[in-house]
Amino acid sequence: MLHPTLGVYRRILFLAKRFPRCNRLKIIEEIRSEFRRNATLGPEEAKPCIQLAHDSIKQLQQYVSLDPAATSWNVKMTETPMPVPPEKK
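According to full-length UniProt numbering, the sequence shown is numbered sequentially starting from 1.
Encoded structure:
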């Protein structure tokens, strides 16, 4: 069975690879380094990080669903579109 954290990691990378080109590589590298840095966390310690990943997935989904041929885009952002990881607060 697939570990839930691995599923979140795969989902967020899948979406990041479809992000507009200007920041795509930077976002993918940040995702990878964040998951590597937190790989040794226990289940309770990882909960805020997993929640952060889920919030980030919601944000990425808005960008991925945009039509590149459209003349204007409308994206509804939360107050903190890319939340700060718990250890950086």
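From the three backbone atoms N, C-alpha and C, an ideal C-beta is built for every residue, glycine too.
From a predicted model like this one, the values you see are computed outputs, not experimental measurements.
- Annotation for residue 49: the continuous alpha helix (DSSP H) segment containing it runs 43-64.
- For residue 5, the enclosing alpha helix (DSSP H) starts and ends at 4-16.
- By the CB criterion at 9 Å, residue 34 and residue 49 fall inside the cutoff.
- Taking each of 39, 9, 42 in turn and checking the Cα distance to residue 28, the smallest one comes out for 9.
- Contact between residue 64 and residue 18 holds: CB atoms are separated by about 5 Å, below the 8 Å threshold.
- Counting of Cβ neighbours within 10 angstroms places residue 6 among the exposed residues, the total staying below 16.
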